[in-house]
Amino acid sequence: MMNTALFHLRSFFLRAWLPLAIVLLWWFTSQANPSLYYPPLSEIVEEIVGQWIFGPRLTKDLLPTLANFAIGLVIALVVGTVLGVILGRSPVLRAFLAPIINFLRSLPSPALIPIVLVLFGLGNSMSIALIAVGAVWPTLLNTIDGVRSVDTQVRDMARSYRLSPWQNILKVVLPAAGPQIVAGYRISLQISIILIVVSEMVGATRGLGYFVLESQQLFRVPQTWAGTIMLGLLGYALTSIFVIVERRVLRWQITMRQATGAA
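UniProt numbering applies: residue 1 is where the sequence shown begins, and numbers increase by one.
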């Protein structure tokens with residue numbers, strides 16, 4: 001028990017010492033040499049706490065950003081997973097749609113902004129649509145590859161048990177392809193974070209991205225730094241939550257790897 005606690009404590013310090021050093025260096029240097037473009041870190045922290053954590057920006061900008069992000073990401077993950085399973089199990093359909101998929105996934109997501117603006121207009125629907133369209137591809141492609149790479153022995157075993165198509169997908173295909181599908185989820189998550197900021201900077205009247213752009217245009221330097229740091233903290237928090245969920249969902253795989261390594 002003591003060894004486990006020491007291991008986690010050492011891991012924490014190995015990961016945290018550099019960020020803590022940067023924060024302390026920034027804090028003292030900005031206090032000693034204040035600049036118009038690099039305001040004191042204490043002023044930025046005061047802005048974050050007073051406006052974003054316990055202030056009006058929490059409900060006005062941060063929560064709408066999180067809501068649009070969550071809706072768009074869920075749509076991308078569900079659509080990508082469902083279509084990926086269908087295409088992964090159907091070579092004919094996969095070959096038929098391959099040119100369209102390869103063309104659409106090659107388009108940079110920000111290039112779709114004018115089209116999404118025309119179709120959905122300004123507002124939340126535009127942000128959600130851009131995330132859904134831009135973040136679906138990693139999940140779709142990873143799901144296709146994961147379903148295709150299911151071991152033939154596992155497929156034969158499923159046929160020998162005469163499982164129904166739904167039972168085969170839920171109990172055999174998805175668990176076997178799970179690690180690769182989750183890897184696609186992680187990439188979709190990162191793309192969604194980028195796209196929610198881009199969409200709010202271009203076609204929104206509120207949100208975290210809109211706040212950062214507005215503050216920059218109005219030369220509100222502390223607010224600009226505060227919004228930028230909030231974006232970084234938001235991305236870090238979402239990625240950390242995803243890692244925790246991933247470890248719980250794929251716990252069986254981690255246990256199997258440990259057992260194989262021990263053997």
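Virtual Cβ for every residue (Gly too), placed ideally from N, Cα, C. Here the structure is a predicted model, which is why all the values come from computation and not from measurement.
Using the Cα positions of residue i and residue j, report the straight-line distance between them to the nearest angstrom.
i, j, result
"Gln153", "Asn142", "21 Å"
"Ala263", "Arg159", "For Ala263, the predicted model reports a pLDDT of 44, less than 50, meaning its position is unreliable and no value from the coordinates is stated."
"Val82", "Ser215", "41 Å"
"Val133", "Val118", "15 Å"
"Leu87", "Leu218", "49 Å"
"Pro34", "Arg94", "59 Å"
"Ala135", "Arg206", "22 Å"
"Phe120", "Ala67", "17 Å"
"Leu24", "Pro91", "56 Å"
Taking the beta carbon of residue i as the centre, do at least 16 other beta carbons fall within 10 Å, making it buried, or is it exposed?
i, result
"Asp151", "exposed"
"Phe69", "buried"
"Leu233", "exposed"
"Ala98", "exposed"
"Ile144", "buried"
"Ser106", "exposed"
"Glu47", "buried"
In terms of alpha-carbon separation, which member of the options lies closest to residue i?
i, options, result
"Leu170", "Leu20, Val85 and Pro56", "Val85"
"Ser199", "Trp52, Gly178 and Leu122", "Leu122"
"Trp137", "Ile44, Ile75, Ile113 and Ala177", "Ile75"
"Pro222", "Ile193, Leu36 and Ser127", "Leu36"
"residue 318", "Pro165, Asn124 and Gln180", "As shown, the chain starts at 1 and ends at 263. That puts residue 318 outside it, with no answer to give."
"Ile194", "Leu24, Trp17, Val173 and Leu238", "Leu238"
"Arg89", "Leu174, Phe120 and Ala135", "Leu174"
"Thr139", "Gly235, Leu250, Asn168 and Ala177", "Ala177"
"Leu77", "Glu246, Arg186 and Gly235", "Arg186"
Given 7 Å as the limit, tell me if residue i has its C-beta closer than that to any heavy atom belonging to the ligand MN.
i, result
"Gly232", "Absent from the structure shown: the ligand MN. Ligands present: none."
Taking the Cβ atom as the reference point for each residue, do residue i and residue j lie within a distance shorter than 8 Å?
i, j, result
"Ser188", "Gly80", "yes"
"Gly72", "Ile22", "no"
"Ile196", "Thr65", "yes"
"Val147", "Leu130", "no"
"Arg57", "Phe211", "yes"
"Asp61", "Leu208", "yes"
"residue 287", "Gly50", "The structure shown does not extend to residue 287, since the chain spans only 1 to 263, so no value can be given for it."
Could you round the C-beta distance between residue i and residue j to whole angstroms and report it? I think they count as a contact, below 8 Å.
i, j, result
"Ala40", "Gln31", "The displayed chain sequence assigns Pro, not Ala, to residue 40. Correct: roughly 5 Å between the Cβ atoms."
"Trp166", "Ile44", "At roughly 53 Å, the Cβ-Cβ gap does not stay under 8 Å, so Trp166 and Ile44 are not in contact."
"Met230", "Leu213", "Not really, about 13 Å apart at Cβ, beyond 8 Å."
Step through the CB atoms of chain D and report whether any lies within less than 8 Å of the CB of residue i.
i, result
"Leu107", "Considering every chain present, this structure includes no chain D. It has just one protein chain."
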